[in-house]
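To get this note's numbering, take the position in the sequence shown, counting from 1, and add 2.
Remarks on the structure that follows.
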Amino acid sequence: MSVLKARLAEQIPDLRRDVQELVAEHGDAVISRVSVAQAFGGMRGVRGLVCDTSLVEPDTGLTIRGWSIRDLAHVTAEECFHLLLTGDRPDPSEVEDLRLDWKRRGDVPGYVFDLFDAMPDDMHPMTMFSSAVLAMQRESKFAAAYSEGITRDEHWESTFEDACDLLAKLPAIAAAIYRKKYDKGARAESRDDLDWGADFAHLLGVDDPSGEFATLMRMFMVLHSDHEGGNVSAHASTVVGSALSDLYYALSAGLNGLAGPLHGLANQQCLRFVLALLEAHGDAPTEDDVRSFCLDRLSQGRVIPGYGHAVLRCPDPRFTAFFEFGSERCSDSPVFRVVSQLQRLVPEILQEQGKAKNPWPNVDAGSGSLLYHYGLTEVRFYTVLFGVSRAMGITAQQVLARALGMPLERPKSVGTQWIRDQVASATS
Ligand code: HAX
Numbered sequence: 003m004s005v006l007k008a009r010l011a012e013q014i015p016d017l018r019r020d021v022q023e024l025v026a027e028h029g030d031a032v033i034s035r036v037s038v039a040q041a042f043g044g045m046r047g048v049r050g051l052v053c054d055t056s057l058v059e060p061d062t063g064l065t066i067r068g069w070s071i072r073d074l075a076h077v078t079a080e081e082c083f084h085l086l087l088t089g090d091r092p093d094p095s096e097v098e099d100l101r102l103d104w105k106r107r108g109d110v111p112g113y114v115f116d117l118f119d120a121m122p123d124d125m126h127p128m129t130m131f132s133s134a135v136l137a138m139q140r141e142s143k144f145a146a147a148y149s150e151g152i153t154r155d156e157h158w159e160s161t162f163e164d165a166c167d168l169l170a171k172l173p174a175i176a177a178a179i180y181r182k183k184y185d186k187g188a189r190a191e192s193r194d195d196l197d198w199g200a201d202f203a204h205l206l207g208v209d210d211p212s213g214e215f216a217t218l219m220r221m222f223m224v225l226h227s228d229h230e231g232g233n234v235s236a237h238a239s240t241v242v243g244s245a246l247s248d249l250y251y252a253l254s255a256g257l258n259g260l261a262g263p264l265h266g267l268a269n270q271q272c273l274r275f276v277l278a279l280l281e282a283h284g285d286a287p288t289e290d291d292v293r294s295f296c297l298d299r300l301s302q303g304r305v306i307p308g309y310g311h312a313v314l315r316c317p318d319p320r321f322t323a324f325f326e327f328g329s330e331r332c333s334d335s336p337v338f339r340v341v342s343q344l345q346r347l348v349p350e351i352l353q354e355q356g357k358a359k360n361p362w363p364n365v366d367a368g369s370g371s372l373l374y375h376y377g378l379t380e381v382r383f384y385t386v387l388f389g390v391s392r393a394m395g396i397t398a399q400q401v402l403a404r405a406l407g408m409p410l411e412r413p414k415s416v417g418t419q420w421i422r423d424q425v426a427s428a429t430s
């Protein structure tokens, strides 16, 4: 048994007891109320989900188990996953144990590559990625154990195995998509000496003489790893997982949500926006050029990608981490210069427009410019990188949900007329 699994096995009895006591003693306490505007407004602010891996506060942004994401920007993915699951910062031997565990699980079934070969050339990389995860469902240890009749208390154990199997394979799968789709040559072999994030950079095969691309990729993997439970990808996975569909089904569902332009696809849209601006105004647009380009976009009824957020009401600390990385290393790059101009100008433009509740940059506003600067220029691939990373949070959330025996999700829906009647009787 891996050190991480053993650590979880120690923690889970206490977790279960704490939650059982909380529900038994305070089950009727009210933690939220739902307004008509919230029912029609995507349930913003409704507290109805439990997520212990991370928290997003409107005015400070993401914390993972109490640690600000800014303080975690330079840890490895292995350390991040251990923290997400247990709430503890692992020591170096625990990190190494997990690194080696993932190495042992890394082989990707050959039929995944056959599947890619059968797909049309213009298939979106996110479709390929999600299809690969779904196709591997036959490997699920949870599904096999469930059909043999495990008890509810044991559900988390095979879910943990599925989580680690998936995480170990995702970098090689994503890199295979990249190399096949963009004619980058044969798939590379994983390197035994590298951690998960650096090995992913190596598998992608982007020319990296300075090693800075690998540093960026490690940071990218941690910054995107989790964003509490209500975002589209995490919540989609939770709903599907609550039917005891295994992690392959659940993660694929989450990735399909991540592929939407209002969610993870925004990083692709952001870089396209920057490139379109450079195309329209040359390599050094003035602030007036940037401003008029943004206003023109808004006048077409379109959003400025990378700005705004459903929860945040401050600059996203993940953006700030990327921005600092770029300011230190590539402030002369034309794409990064535009990102820098946008972060100075867009908040004011959106405030003047007066619609967006949050005018500040989100995580997607800067990451693409850095990938582009280091030579990963294929923008349609960017959301796959996000998906590899977000798999850490989604799988950690699912393991904990199974550990706590979280039930089938089934909120109540009501019709518009019922709401009208309710409002009428409340006001009469
Ligand atoms: N540009 C222009 N208008 C914007 C805007 C932006 N960046 N952000 C919000 N608005 C508009 C909305 O479209 C909405 O307009 P309508 O009233 O005409 O419908 C209005 O402002 C109010 O929206 P909101 O309440 O502030 O924002 P929502 O919670 O509804 O949506 C979004 C949050 C992130 C989807 C939104 O800000 C947006 O579309 N941003 C651009 C796309 C983007 O960057 N997405 C990535 C978000 C981070 C993430 O999840 N990454 O994975």
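For each residue, glycine too, the CB sits at the ideal point set by N, CA and C.
Just so it is clear, the structure is predicted and the values come from calculations on it, not from any experiment.
Shortest alpha-carbon distance to GLU12 belongs to which of THR88, ARG67, ASP30, SER244? THR88
Are TYR309 and PRO361 close, meaning C-beta to C-beta below 8 Å? yes
Buried or exposed for MET138, going by 16 or more other Cβ atoms inside 10 Å? buried
Can you determine whether any heavy atom of the ligand HAX sits closer than 7 Å to the C-beta of ILE152, and answer yes or no? no
Neighbourhood of LYS186 by C-beta, 7 Å cutoff - its chain only, sequence neighbours within 5 removed: TYR180, GLY207
What residues are listed by DSSP as bridge partners for SER56? ILE66
If you drop the 5 nearest sequence neighbours on each side, which residues of the same chain put their C-beta closer than 7 Å to that of ASP54? LEU402
Mapping DSSP to helix, strand and coil, what is TYR309? strand
Is the beta carbon of GLN343 sitting closer than 8 Å to the one on GLU289? yes
Completely contained alpha helix (DSSP H) runs for the stretch 62 to 144, where each covers 4 or more residues: 71 to 74, 79 to 88, 94 to 106, 112 to 120, 127 to 137
First and last residue of the uninterrupted alpha helix (DSSP H) at VAL1: Missing from the structure shown is residue 1; the chain here goes from 3 to 430 and no further.
In chain order, what are the residue ranges of uninterrupted alpha helix (DSSP H) at least 4 long that sit wholly in the stretch 12 to 45? 38 to 41
Enumerate, from N- to C-terminal direction, the unbroken beta strand (DSSP E) stretches of 3 or more residues contained entirely within the stretch 238 to 262. none
How long is the line joining the alpha carbons of ALA426 and ASP285, rounded to whole angstroms? 59 Å
Please name the residue, chosen from PRO92, ALA134, GLN424, VAL365, that lies closest to ALA312 on a Cα-to-Cα basis. VAL365
Would DSSP call PRO336 helix, strand or coil? helix
Contact between the stretch 223 to 243 and the stretch 252 to 270: three or more CB pairs below 8 Å? yes
Is the separation between the beta-carbon of ASN269 and that of SER430 shorter than 8 Å? no
Span of the alpha helix (DSSP H) holding TYR376? Per DSSP, TYR376 belongs to no alpha helix (DSSP H) and is neither H nor E.
Among the residues of its own chain, which have a CB less than 7 Å from the CB of PRO127, if the five just before and after it don't count? ILE179, LYS183, ARG382, PHE383, VAL386
Secondary structure at PRO319, three-state DSSP: helix, strand or coil? helix
Three or more beta-carbon pairs under 8 Å between the stretch 164 to 172 and the stretch 18 to 31, yes or no? no
Give the range of the alpha helix (DSSP H) segment to which TRP198 is assigned. 198 to 206
Taking 8 Å as the threshold, find out whether the stretch 349 to 360 comes into contact with the stretch 100 to 116 through three or more Cβ pairs. no
Hey, out of HIS76, ASP210, HIS375, GLY50, whose CA is closest to MET408's CA? GLY50
Going by DSSP, what residue range makes up the alpha helix (DSSP H) through ALA174? 157 to 183
Candidates MET3, VAL5, ASP20: which alpha carbon is nearest ALA405's? ASP20
For GLY266, is the beta carbon positioned less than 7 Å from some heavy atom of the ligand HAX? yes
Just verifying my parser: in three-state terms, what is the DSSP assignment at PRO2? Coverage of the chain is limited to positions 3 through 430, which leaves residue 2 absent and any answer about it impossible.
Rounded to the nearest angstrom, what separates GLU214 and ALA367 at their Cα positions? 20 Å
Nonlocal neighbours in the same chain, by C-beta distance under 6 Å from PHE295, ignoring five residues either side: LEU279
To the nearest angstrom, how far is it from the Cα of LYS143 to the Cα of ASP164? 6 Å
Please determine whether the Cβ atom of PRO307 lies at a distance below 7 Å from any heavy atom of the ligand HAX. yes
Measuring CA to CA, which of GLU191, VAL135, PRO211, ALA120 is closest to TYR251? VAL135
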